[in-house]
Amino acid sequence: MRIDLLTLFPDMCETVMAESIVGRARKKGCLQVCCHQIRDFAFDKHQRVDDCPFGGGKGMLLMTEPISLCIDDLTAHLGKKPHMIYMSPQGRVLDQQRVKELAQMENIAILCGHYEGVDERILDTYVDEQISLGDFVLTGGELPALALADAVSRMIDGVLAEDVCFEEESHYNGLLEYPQYTRPAVWRGQAVPEVLLSGNHGNIAKWRRAQSLWRTLKNRPDMLEKAEFQKGDGELLYQIRREMEKE
Ligand code: 4GT
């Protein structure tokens, strides 16, 4: 898969995407990431990319032409239109299901806005999808774009180590993940739950399932509407609800 980032801060994006698991995946060839400077496509002598909004109001907007030229250049280079995403608090909120779908695509390109955003005609002309990370506002689309690129990258075959089990992590099966512990078994007086040291895998699985359900019910009850339930969950949920009433 190839991910293109269109931004005023390509160095920032490149630095983030060069590190750790994503950086390693790129070196291994599982994943291609290219960061493009929108300003390179500015046409006046000051390399201007922003202008003030028609109708008045505070702040500046990214103007149409440099973004348009940047996208056209990328499209010509790829030989086809990439799936164009614009990061914006007005978009649909990202979830793991959409991350998995995007990871199946051959090319995605992510446009990062700045200042007050971009001229609406860019969205009308080029953008297939607007994605938000949640109900808050940032100064630029770079951090959300990098978060999306990271989330998508780790779902590509070969990026994660074979032994990483994403079937069990938060949001994969619609539940939050159970708590995990590593050595030492007692740290500053706090012991690891005994069942995890018991070696009884049946009991461990049951305890983890109960913890997942408990956390989801407590922190994200909205998620239970879409969760995939297993045999025995009904009984566990009933017990958890009774415990919660006592608290
Ligand atoms: C928040 C988010 C986002 C921003 C989010 C255009 C100029 C948008 C600045 C940008 N803020 N982008 N994608 N919650 N700010 O995802």
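Note that the numbering used here has the sequence shown beginning at 113, numbered continuously upward. Where a beta carbon is used, it is the ideal one built from N, C-alpha and C, also for glycine.
Give me, in chain order, the residues of the same chain whose beta-carbon lies closer than 6 Å to that of residue i; leave out the 5 immediate sequence neighbours on both sides.
i	result
residue 278	284
residue 282	288, 289
Determine the DSSP secondary structure at residue i, reduced to helix, strand or coil.
i	result
residue 226	strand
residue 219	strand
residue 203	strand
residue 352	helix
residue 158	coil
residue 198	strand
residue 251	coil
residue 283	coil
residue 294	coil
residue 177	helix
Starting from the Cα of residue i, find the closest Cα among the options and give me that residue.
i	options	result
residue 331	289, 315, 182	289
residue 303	312, 313, 292	292
residue 245	198, 213, 273	198
residue 137	342, 343, 268, 299	268
residue 336	287, 194, 201	287
residue 323	211, 305, 132	305
residue 184	319, 297, 239	239
residue 196	257, 165, 155, 348	257
residue 205	128, 237, 241	241
residue 225	167, 166, 217, 243	243
Keeping to the same chain, check which residues put their C-beta closer than 7 Å to that of residue i; ignore five residues upstream and five downstream.
i	result
residue 214	220, 264
residue 327	288
residue 211	263, 264, 267
residue 348	321, 322, 325
Is it true that the CB of residue j sits closer than 8 Å to the CB of residue i?
i	j	result
residue 153	residue 174	no
residue 122	residue 148	yes
residue 308	residue 316	yes
residue 117	residue 261	yes
residue 171	residue 228	yes
residue 201	residue 247	yes
residue 176	residue 150	no
residue 113	residue 143	yes
I'd like to know if residue i contacts chain C, where contact means its C-beta is closer than 8 Å to some C-beta of that chain.
i	result
residue 222	No chain C appears in this structure, which consists of one protein chain only.
Counting only the same chain and skipping the five closest in sequence on each side, list residues whose C-beta sits under 8 Å from that of residue i.
i	result
residue 345	321, 325
residue 352	322, 325, 326, 329
Answer yes if the stretch 184 to 195 comes into contact with the stretch 155 to 169, meaning at least three C-beta pairs across the two stretches below 8 Å, and no otherwise. no
Specify whether the stretch 266 to 275 and the stretch 228 to 236 touch according to this definition: at least 3 beta carbon pairs, one from each stretch, less than 8 Å apart.
When Cβ pairs closer than 8 Å are counted between the two stretches, the stretch 266 to 275 is seen not to touch the stretch 228 to 236, the count staying below three.
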